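Engineer:
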Amino acid sequence: MQMQVNPGTDVNGILDSNDILWTFNHNGEFDLTSTEYSGPEQYSEDGKDLMLVKDFVKVVGCKDNGGIQ
6 MQMQVNPGTD VNGILDSNDI LWTFNHNGEF DLTSTEYSGP EQYSEDGKDL
56 MLVKDFVKVV GCKDNGGIQ
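Encoded structure:
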């Protein structure tokens with residue numbers, strides 16, 4: 006899945022945050038990564054992607070057939 010999210014919208018001097026609703030059909034642990042160009046510092050010296058967050062979200066509670074309980 007890919008989405009574009011703005012850092013926030015300034016409405017009359019008030020920073021309005023983004024609300025995101027993800028719907029998962031299967032239990033599991035899911036990674037998160039940024040696909041935006043982050044310059045030469047995106048990777049560590051040993052090649053590790055510093056924009057990747059392993060197991061960012063853990064989903065539980067889905068039925069065995071992939072539906073929501």
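Under the numbering used here, the final residue of the sequence shown carries the number 74; numbering is consecutive throughout. Note that CB positions come from ideal geometry on N, CA and C, so glycine has one too. Since this is a predicted model, take the numbers as computed values, not measurements.
Alpha carbon to alpha carbon, how far is L26 from V65?
Structural biologist: 16 Å
Engineer: Hey, out of N30, D51 and M56, whose CA is closest to Y42's CA?
Structural biologist: M56
Engineer: If distances are taken between C-alpha atoms only, which option among I19, G44, G33 and M8 comes closest to C67?
Structural biologist: G33
Engineer: From what residue to what residue does the beta strand (DSSP E) around I19 run?
Structural biologist: From DSSP, the beta strand (DSSP E) with I19 extends over I19 to D21.
Engineer: From which residue to which residue does the beta strand (DSSP E) around K63 run?
Structural biologist: L57 to V64
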